[in-house]
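Residue numbers (the numbering used here), protein chains in the order written: chain A, 2 to 484; chain B, 7 to 1054.
Where is the CB? At the ideal position from N, CA and C, for every residue including glycine.
Please read the structure below before turning to the comments.
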Amino acid sequence: MKIKINNKIKYLFVAAPILFATSCKKDFLKTAPDTALPIEEAFSTPARILSQVNGVYAGVKNGNFYGGRFLIYNDIRGEDFIVNKPNGVTNLDTWRFNVTSNTSEVTGLWGAAYAAINRANLVIEGVTANAGLITPALSRQYIAEAKFLRALSYYSLLQLYSKPYITDNGTSLGVPLRLKAEKDLTGNDLKRSTVSEVYTQILKDLNEAEPDLALTIAATKASRNTAIALKTRVYLTMGNLASVVTEANKIVTATAPFTATTGVANKLETSIATVFGGSYVGTEALLTFPMTELDAPGTQNQLAFYYNIESAGGNQEYFLNANGILANSAFAAASTDARKTLTTAVGVNTYLTKFKKPSPYTDYVPVIRYAEVLLNLAEATVLSDPARSIALLTAVRQRSNPGYVFPAADLLPANLKNTILTERRIELLGEGFRSPDVMRLGAGFLAKTGPQGTAPAIPFNTAGYIWPISATEIQNNKLVTQN
Amino acid sequence: MKKLLQSLFILLFIAGSAMAQDRTITGTVTGKEDGLPLPGVSVKIKGAAGGTTTTADGKYSIKITSQATALEFSYIGFLTQTKPVGSGNVINVSLVGDSKTLSDVVVTGYTTQAKRDVTGSIASVSGEQLKNVPVQSFEQALAGKAAGVNIVQPNGVLNNPPVFRVRGINSISLSSYPLIIVDGIPVFTGDQSSNSAAGNALGDINPADIESIDILKDAASSAIYGSRAASGVVVITTKKGKQGSTKINYEGWVGSSKAQNLNPLLNAAEYVQIKNEARTNIGLAPAFFLQTRSDGTQVETNWYDYAYRTATSQNHALNFSGANEKTSYFISLGYSNQEGFIINNSFERKNGRVNVDHKLFKGVNIGANFSYSNTLNRAPNTGSLPGSSFNTGGLGRLAFVLPPNVAAYNEDGSYNVNGSAVGLGANLIASNYPNAAVLVNEDANTSESDRLISNAYFSVQLLKGLTFKTNYNIDNLKLDNNVFVNRIQGDGFAYNGGATSNFAKNSRWNWSNTLNYSGTFGDHTIGAFIGVEDQYTKGYGYGATRQNVIDPFIEIYQGAFGAITPAGLSQYNNAFRSFFSNVTYDYKKKYYLTGSFRRDGYSGLAAGREYGNFGGASAGWALSEEEFYKESSLSKILTRVKFHGSYGLVGNVGVGNYPALYLYNPGLYGSDPALSFSQAGNPELSWETSKKADVGINLEFLNGRFSLDVDYYHNNIDGLVQNAPQAPSKGIPGNSILANVGKMSNKGLEFTINSRNIEGDNFSWNTSFTLSTLKNEVIELGNNNADLFGVTQLETANITRVGYPVGSFYTVQTVGVDPATGERIFVNRFGQKLRFSFQRATAARYQYLDGPNAGQNAPAIDAALDAQISGQSVPKWFGGLDNNFRYKAFDLTLGLTFSGGNKVYYGSLAGLRDQRFWNNEAGMMDRWTTPGQITDIPRVVYGDNVSNGSAFAQSQNVFSGNFLKVRNLALGYTLPKEFLGKYGISNVRVYAQSSNLWIISNYPGPDPEVSVNGNSTGATNSGNLAPGVDRNSVPSARTFTFGINVGF
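This is the structure we're talking about:
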C-alpha cells in the first residue's frame, strides 16, 4: 500500500511540470496584425511619410466625397439632370430636395469630408513631428499639400451644408472648423464657425500652401498652380471678383493662347476628348484624382455608373433634362461641338457619357481643370475687362467648336455673364459645379419632372435649399446647431 | 466522467452501512424501453441504512433487516422507482427512461456536479429533447426549453444563426452571444459565411450527437469561464457509449416546408389602379397599364412564386455505441439535406464522429473525441441577413416590389428584362428592380465549411480523490465561399457578370491542465480543482472578385473574366492565458458553499491591462434535509426544498483582435502607396465586466413528481465596453472608439415547472413549463450619455438611451390620417400635429393640422429630432409549455412557445405602402379617397415615400410583438416489441410532426419572431442596437416531417 502511494506521488512529479509548462511562453499574449501598421511606425521612414500624404489624397478621393458622390450631388441638385431610377440609394432624395439629416447622402458626405480633414490634420502634425527624416523643403511641401486638401474639403462642405457667402457676407453658420488631429475620446463638442470664418481659414491654408507646394508635380497631386486655381474658385464663390483676377493672372496669360507661365505649363488640351479619354494627367488637369482597378470609387459611387449608358457599362441612373442645358444649341442635332460627343441618346433620353470606363469605373475624377480657371476669370472680368473675358470664353468654346462664332447679342455687356455661365454648364457638365454656381449667384433651384415624379422648385434660401447637418453630428456634438 | 462521479456517489451511499441483516433479496434491473439489463443501478434500502449496485448483467443481491420497508432503485437517466418489500425474496424492476431529468449530473465545463448539489443557476436540456426536430443547428431547438434562454430565429433563411440570449442582452457593442463549449473547447460560432448563404458555425454539429446541453446562467456557475462568461456559457457534451451490448440507433425523417403568412399583395388590376390614381392625384398622366399576351390573356404575376416554393428535406443519423469495463465508444454518422422554402436555399451536412474512452490501467484513462463535418450552405441573395435589408437584389424585397402586371418571362420563354431591370410590360415607367426569376435561377451563393472539432485527454488518479487531467482540443474551420452574379440582371449586370470567391481558415487550439480533488470526510464533502489553460486562435482568408465574363457560359470564379481585384482578405490572431480554480463544499448535503476564481489574460487588450480577475461564489441550503423538516408533515408532500444564492463578477472580451491599438492601413492612391488612419485605439481598454446576482429556490413535490424552480437574477453590467460614438466631424475612423464606458442592467424572474401529471402503464402525461421575465435598462453611456442609434443598413429605427431598454424603437409619431384631406398626420417634437402631402412644394409639404397656425406651412419633420421612443424591442417575458402524452404505444407531443411585452418594427410595411412604382400590400385598397373617410392609409400621391415610412421610421409601423406559437406538434407510434424481437430490432417509433404549425399574434407581418440584424455586432446592423426589426425579410417556415427511430 505504501509503495503504491509513493508511485502515485511520482505521477504528481510528472504532472506538475506539464501543469505549468504552458505558462512558459512569455510573449504569448503579445499579438499584432500583420496587415496594419501601429501608429508608432506610421511616420518612421521618408517613404511612409510620403504614403501618409497620399493617404490624405485618398481620403478626399473617397467615393462618398470627391471620388464620385460629391460631384453627383452638386449636379443633380441642379436642373440639368433627371433621375431615371427610383432608388433612394442612388440619390433620388437629393435630386428632389427631400433629404433629411439622416439621409445617407447627408451623413455620408459629412463623414467622408471630415475623415479626410482629420487625415490632413494628422499629416500636418505627423510631418511636423518627424520633419528630421526628410528635407525641410519636402516637409514644407507635404504640409502644404495637406493644407490644400483641407481647404478643398472645407470648401466642399460649405457648398452643401451652409448658406451661400453672398447671403450675408458669411455671417451665417458654416461648419465646425477642426484644425487639430483627432484620435482619442475627447473633443466631441465643437460649435459651427461662421461661413466667413471657414472661408478665412480656407484662404489662409491656400495662401500658406501656395509657396510651399511643388512647382511641378504630377496632376494627381497639388502643385503651386493648383492652389492658385482653387483660390480663383473660392474667391468667385465669395463674389470677390478682384481677387479672382489677381489669382488667375498668376497662371493665365493676358491673351490667347492662354497658358500658365510658371510651374506646370497648364493650358487647354486641344481636344476635349483627350481630357476624358486620355491619360487624364495632361496639361489641362490642375488636379485629378486617379482611379485604378485596385483603387476604384466603390459601389454606387462611380460617375460612369451613374451617368453612362447601359451598353457601355453604366446604369443610366440619370439622363439629361431636355429642358436643361441639353436644350442648348451646342447639343442640338446640327451641332458640331465636340462636347456633344460626350453625350449619347438611348431611346428618347440623352445621357452624359463623359465618364467612360466600365466596372470597376476607373475614370479619373476631374477636380480642377484649366478650362474652369479660364471661365472663372472670364466671369470675373465681365465688367472689368470684357475683351479679355470674351477671349477667355471663346478659347473654351472654340477648343470644342473651332469655327464657332458667338452671336453678337450673347456678348453684349448685359448678356456676357449669362453666356459665360451657360458655357460653364456645357463645359463642366457632370463635374460638380451646378449647385454651387446656382447658390453663389443667389438663384433658386428650378423644378424638374421625370419618370420618378417631380422635384419642386426651391427658391433661394428656402427650406431644402441647403442640406441639414448630419444627424450623427447633431447627436454627438452638443455644440452644433441644425440648419 | 459522469460514470466516475456516479460510482463515487454510489460509494458514498454504501459507505458506513454495517447493520444486522435478516434476509437477502435478489433481482434483475432492466430498462423498460429496450428490456436490456442495467448495470450500476443504485439499490437503496428505505427505512434503513445500506445499499448496493447492480452488476454488469443487471443483477443485484442485498441483505435487508426487518425494518426495511422498501427498496429504491435509481440510475442516471431513469426515473427512480421504489418497490415495497413483500414476503418474496425476488424483486425484478424495469426502470423507465426519464427524458426530463436525463442528466442527474450537470456538466459545468471542467467538472461535473450532481444536479441536486448545484447552488448556481444552470439550465439543462437533454439531447433527447432536441431529437427529431427539423433544424440545422441544435440551438434553434432550444426555444422555450430553458428558463432565461431566449431564442429568436431571425427569419426562414436556412442555417441563419438564431439570436441566442441568456438572461437578456448583456452587451451593447460586443457580442451578446453565449460562449459555446463543445467537449471542452470554446468553438467558433456565428455566421461564418461571407455571402448570402448563411453559415452558422454551430450547424456543423450534428444535434443527434449531443448528449446534454447545460446552460450556465449565473456568475457562480459561469465564473470558471471568467472573461467570456458574461453572456452565459453553454456546455455541450457529446454522447458516450454506455455499458452493455452494442447499440445501434437510426433516426431519420423526411419533411416538407413552406413559407407562412405571406402578406397578400395587389394584383395586376389593383396595382394599375392604385399607381395611376397616385399619378393622377399629383397631376401626372397614368403610366401603368395591364399587359395582354398574344393569346389574349392578361399578365398577372405573383412574384412570391418566383421567390418561394414547397421544399423537401431529409435527415439521417446513425450511431453505434457500447462499452465494456475498459472501453466505451460512440460512433456516429449523419447526413442532412434540407431545402428551404426560399428557392435555391439549401443546407447539406455530412458528418462523422468517434468518441472513445479507455481505461489504460488502473487510475489512468485516455480518451478522444473526433468529429468531422462538411456543410454546404446555398442561398440566393435574400436581403434577409444583417446589412442586406435594402439590397436591390434581395429576394424578400423583390417579391414585394416587383410589378404584378409584368411577366417574369417573355412569351418566347426568355427572361423579361429591360436593361438592368425587369421589363416594362405595358408600363411607361422603368423599374430599377431586377427580375427575381433571373436572380434565383442564375445567381449562386455557396458557403462550404470543413470542420474538425476534436479533443484528446489523459487523466491519472494520483491519490485517492486526486486526479490530474490534461486536455488538448482543436477546432479547425475552413470555409470556401463562392458567389456568382449573372450578367443579365442584378448586381452583376453593370459589370457583365462576376464571381467572388474566398477561402478562410480559422484554427484554434486549447490546452488545459487541471488537478481535481474530491473527498468526503464524515459529513463533509469537498471538491476542488485548479487549472491552467492556454488558447490560441488564428485565421486568414484570401480571395478575389472577378468581373466581366469572357463568354456567357462561364458561371464560376475559375472561368475567364476580364478583371480581377482582391476580396475577402483577412488575417488575425489572438491568445488567452488563464489560471483558474474552483472549490465546492457541502455539509451533509444540507449546507453548500462553492467558489470559483479565474484569472484571464487576453492578447487583444491594452498593454499592461491584459489580465483580469473574475470570480463567483454561491451558497445553498437544503431545508428538506434538516431533521425538523423531515419530521414535519409538509415533508410528505413537499419532499425537497432548497434555497440557493450566488454572486460574482464575469467578463466579456468580444472586443475583436486588436482593439487597443492605433492602426494605419496601407492602401493605394491610384497606384501610389498610401497610408491612412484606420483605427483609433484605446490604450486604456479593458474587459467588459458584469456583476451577477442570483437567488432561487428548488421545490420538489411527491418525490419529484412535480417540481418548481424559481430564480431571480440581477446582472449589473457596470464596465460596459462601448463603441463610444464620436462626432463625425472629428474624422475618427468608423466614428467610434471602443471604450469602457457605460452601464446596463438585466433583471428578471425565471420559473421552471416539471410535472408528471399522470403516470400509468398505459397512459402517462408530462408537462414542462418555463417562464422568464426580463427587464433591461441602460444606465449610463459614453460621450456624456449620448444616444446610440440602431441602424438597419439605410434606416434608423432603434435607439439606445439611458433609462430605457437597449435597442428601443425610435420613430416619428404618426396619428393616423386626416379624414378631411387624407393626409398623414405627424407629431413633431413640440407635440404639434402636422399634415403631410407629397403633392405640395417642398416648403409647404408639412402644414399645421390644428391650433393657431392651422393650414400654415410647418418646418419639415427631422427624424433625428422629432422621433421618440415608441416601445421596447426586447421581450419582457417569454417561455415554453411542453406537454407529452403517451397512451399505450402512441405518444403525442405539443410544444408551445410564447413571448411578448415587446414591439416589432415592421419596416417592410413602409415599403409595401410606398408610392413609387413599387407594388403594395393588398390592404392599400383601403386608401383615403373621399373627404370624411376614416382610414389609416393616406391618399396616394405618386412618388410619396414619406407618408408610409420609407423616408424615415414611423410609429405607424411599430406593432406588438406578442405571440403564442405551436412550435412543435408530434404524434408517434412505437411498434410492439413482440413483433420486432424476431428481427433483432429492439424498438421502432414512427412519427409525424409539424413545426411552426400556427402563430397566434396581432402582428400584421408573417412572424413577430424576427430580427433581420440577427447576432451582428457591427457599428451598424447590430443585433444588440437594432433588434426586432422586420425589414424586407423573407418569412419563416412551416414544416411537416415524417420520421422513424430504430434501435437495434
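- Residue state for N741(B) is assigned as helix, using DSSP reduced to three classes.
- Non-local C-beta neighbours of E786(B) in its own chain, meaning closer than 7 Å and more than five positions away in sequence, comprise G748, K749 and V808, ordered along the chain.
- Take the alpha-carbon of T363(A) and the one of N512(B): they are about 35 Å apart.
- Beta-bridge annotation (DSSP): Q819(B) is paired with V833(B).
- When DSSP assignments are scanned along the stretch 854-922 of chain B, the uninterrupted stretches of alpha helix (DSSP H) that are 4 or more residues long and fall wholly within it turn out to be 869-872 and 913-918.
- For W96(A), the enclosing alpha helix (DSSP H) covers residues L93 to W96.
- Take the alpha-carbon of L231(A) and the one of T260(A): they are about 16 Å apart.
- N508(B) is classed as buried because its beta carbon has at least 16 other beta carbons within 10 Å across all chains shown.
- Judged by beta-carbon spacing, A129(B) lies beyond the 9 Å limit of N721(B), meaning their Cβ atoms are not closer than that value.
- When 8 Å is used as the limit between beta carbons, M440(A) is near no residue of chain B, the shortest such separation being about 16 Å.
- Under DSSP, G537(B) shares a beta bridge with T520(B) and F586(B).
- In the DSSP assignment, G622(B) falls within the unbroken beta strand (DSSP E) covering Y617 to A628.
- According to the DSSP assignment, V994(B) belongs to no alpha helix (DSSP H) but to the beta strand (DSSP E) extending over N993 to S1007.
- Among the CB atoms of chain A, one or more fall inside 9 Å of the CB of G425(B).
- With respect to Y816(B), N834(B) sits apart: the two C-beta atoms are not nearer than 9 Å.
- Counting only runs of 3+ residues, the beta strand (DSSP E) found wholly inside the stretch 283-337 of chain A occupies 286-290 and 319-321, in chain order.
- Here the alpha carbon of N99(A) sits roughly 48 Å from the alpha carbon of Y608(B).
- Contact between the stretch 150-160 of chain A and the stretch 176-194 of chain A is present: three or more C-beta pairs spanning the two stretches fall below 8 Å.
- Counting only Cβ-Cβ distances below 7 Å, F29(A) has contacts in chain B at D540, A581 and R583, in chain order.
- Annotated as distal: F844(B) and V716(B), with beta-carbon spacing of 9 Å or more.
- Membership of W771(B) in the beta strand (DSSP E) is indicated by the continuous run F769 to T779.
- The beta carbon of L918(B) does not come within 9 Å of any beta carbon belonging to chain A, so the residue lies off that interface.
- Neighbours of I118(A) in chain B, taken as residues whose beta carbon is under 7 Å from its own, are G737 in chain order.
- R762(B): member of the beta strand (DSSP E) spanning K749 to E765, first to last residue.
- Contact between the stretch 165-175 of chain A and the stretch 187-202 of chain A is present: three or more C-beta pairs spanning the two stretches fall below 8 Å.
- A straight line joining the alpha-carbon of I560(B) with that of I570(B) spans about 15 Å.
- At a cut-off of 9 Å between beta-carbon atoms, Y236(A) makes no contact with chain B.
- Rounded to whole angstroms, the Cβ separation of R435(A) and G109(A) is 20 Å, and the two are not in contact under 8 Å.
- At a Cβ-Cβ threshold of 9 Å, N482(B) and Y463(B) do not count as neighbours.
- Along the stretch 186-199 of chain A, the positions whose C-beta sits under 9 Å from a C-beta of chain B are L186, G188, N189, D190 and L191, read in chain order.
- Taken in chain order, the complete alpha helix (DSSP H) segments of 4 residues or longer contained in the stretch 214-253 of chain A are 225-239 and 242-250.
- When beta bridges are read from the DSSP output, L376(A) appears opposite no residue.
- DSSP places W515(B) in the strand class (E or B) of the three-state scheme.
- For a Cβ distance threshold of 7 Å, residue set P87 of chain A lies close to F923(B), ordered along the chain.
- Here T333(B) carries a strand assignment [DSSP, helix/strand/coil].
- For a cut-off of 8 Å, the C-beta gap from T252(B) to F326(B) is around 6 Å, short enough to register as a contact.
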